[in-house]
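Comments concern the structure below.
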Amino acid sequence: MSYNVRALRDDREALVRIVRHCAPDVLCVQEAPRFLRWRFAVARFARECGLVVITGGGTASGPLLLGGLRVTVRRAADARGMAAAVVDVGGAEFAVASTHLGLNAAERRGQADLVLRRLNALGAEHRVLAGDFNESAGRPAWDRLADEFQDGYATAPWGEEYTAPRRDPGRRLDGVFASAGIEVLSCGVPDDVTDADYTAASDHRPVLATLRVPTA
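In this text, residue positions in the sequence shown follow numbering that gives the first Met the number 0: the first is 0, and each later residue adds one.
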């Protein structure tokens, strides 16, 4: 699951309800708290969602990884704009990263290249990249990622497509990408959450992907 939570500045109870309803194994967060007492805020949010902190937050300038109790962390790596880890879920090992590309369109293509290099450098055969990319399919950064990985929604559309703005969304700025060896079973914005909760929780809507990752 990928979710830009806008530094938890909106309706926290609605946000937690959405995450608990989706019950993700891994939650890739963008715009997590990263300033005063950010570790406390991140830990509290994870606990309320029934998850634990894997890595990221202030150390990654916003991106954060949270995981369920059946997730085993093999190793983790943070960089500015990206929180990444190699994890094992039910015997399937893969690298997963949460990222947030910038507002400057001229810089996003290079940022996409950098994110891919860092994710691939983790050395895992199977890789998942989720985030807020600040652009949609058909734009350079998005298409660079889709050239190398499967665009989850384009591969197995499910639920709703658009993630922003919070009211009457009309753009798909957020996504989940998976490497070729992963089977994408479904990907999209859950359509069984109320508009009231989505509108209250954040300025983006989340993306939930169901992936089948081969076991060793």
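Virtual Cβ for every residue (Gly too), placed ideally from N, Cα, C.
Whose C-beta lies closer than 6 angstroms to the C-beta of Tyr197 among residues of the same chain, with five residues either side of it excluded?
-> Same-chain partners within the cutoff: Arg204.
Does the segment 180-187 come close enough to the segment 100-107 that 3 or more CB-CB pairs lie under 8 angstroms?
-> Touching, no.
Closest to Arg11 by CA distance: which of Ala177, Asp202, Glu160 is it?
-> Arg11 has its Cα closest to that of Asp202, out of Ala177, Asp202, Glu160.
With DSSP as the reference, please indicate the residues paired to Gly174 in a beta bridge.
-> DSSP output for Gly174 lists Gly130 as bridge partner(s).
Do Ala82 and Leu63 have their CB atoms nearer than 8 angstroms?
-> One thing to note: Ala82 has its Cβ within 8 angstroms of the Cβ of Leu63.
Is there at least one Cβ from chain C nearer than 8 angstroms to Ala104's Cβ?
-> This model lacks chain C altogether; it includes just one protein chain.
Of the residues Val212, Ala78, Gly122, Thr58, the one placed nearest Leu113, counting alpha carbons only | Nearest neighbour of Leu113 by Cα position, chosen from Val212, Ala78, Gly122, Thr58, turns out to be Ala78.
Can you find at least 3 beta carbon pairs, one from the segment 53-60 and one from the segment 123-133, that sit closer than 8 angstroms?
-> Judged by Cβ distances under 8 angstroms, the segment 53-60 makes no contact with the segment 123-133, as fewer than three pairs qualify.
Closest by C-alpha distance to Asp99, when choosing among Val15, Val86, Gly66, Ala31 = According to the sequence shown, residue 99 is His rather than Asp. Out of Val15, Val86, Gly66, Ala31, Ala31 has the C-alpha closest to the C-alpha of His99.
Excluding the 5 residues preceding and the 5 following Arg108 in the sequence, name in chain order all residues of the same chain whose CB lies nearer than 8 angstroms to its CB.
-> Within its own chain, the residues whose Cβ lies closer than 8 angstroms to the Cβ of Arg108, once the five positions on either side in sequence are excluded, are Pro139, Ala140, Arg143, listed in chain order.
Can you give the Cα-Cα distance for Ala94 and Asp167, rounded to whole angstroms?
-> Computed Cα separation, rounded: 33 angstroms.
Within its chain, find whatever has a CB closer than 7 angstroms to the CB of Leu50; leave out the 5 residues flanking it on each side and keep chain order.
-> Taken in chain order, the residues that qualify are Leu26, Leu65, Gly66, Gly67.
Measure the Cβ-Cβ separation of Cys186 and Ala208 and say whether it is below 8 angstroms.
-> The answer is yes: Cβ separation under 8 angstroms.
Can you tell me which of the three DSSP states Asn103 falls into?
-> Three-state result, Asn103: coil.
7 angstroms CB neighbourhood of Leu118 in its chain, flanking five on each side removed | The answer, listed in chain order, is Ala83, Ala94, Ala96, Arg126, Leu128.
Among Asn133, Phe148, Ala145, Pro189, which has the Cα closest to the Cα of Glu160?
-> Of the candidates Asn133, Phe148, Ala145, Pro189, the one whose C-alpha sits nearest the C-alpha of Glu160 is Pro189.
Note down the Cα distance separating Pro164 from Gly158, rounded to an integer number of angstroms.
-> Between the alpha carbons of Pro164 and Gly158 lies a distance of about 17 angstroms.
Can you tell which of Ala6, Asp191, Met0, Thr154 has its C-alpha closest to the C-alpha of Leu35?
-> Taking only the C-alpha atoms, the option nearest Leu35 is Ala6.
Buried or exposed (CB count within 10 angstroms, at least 16 for buried), Thr162 = Thr162 should be labelled buried.
Work out the CA separation of Leu14 and Phe148 for me, nearest whole Å.
-> Those two C-alpha atoms are separated by around 29 angstroms.
Give me whichever residues DSSP pairs with Cys186 in a beta bridge.
-> According to DSSP, residue pairing for Cys186 in a beta bridge involves Pro156, Ala208.
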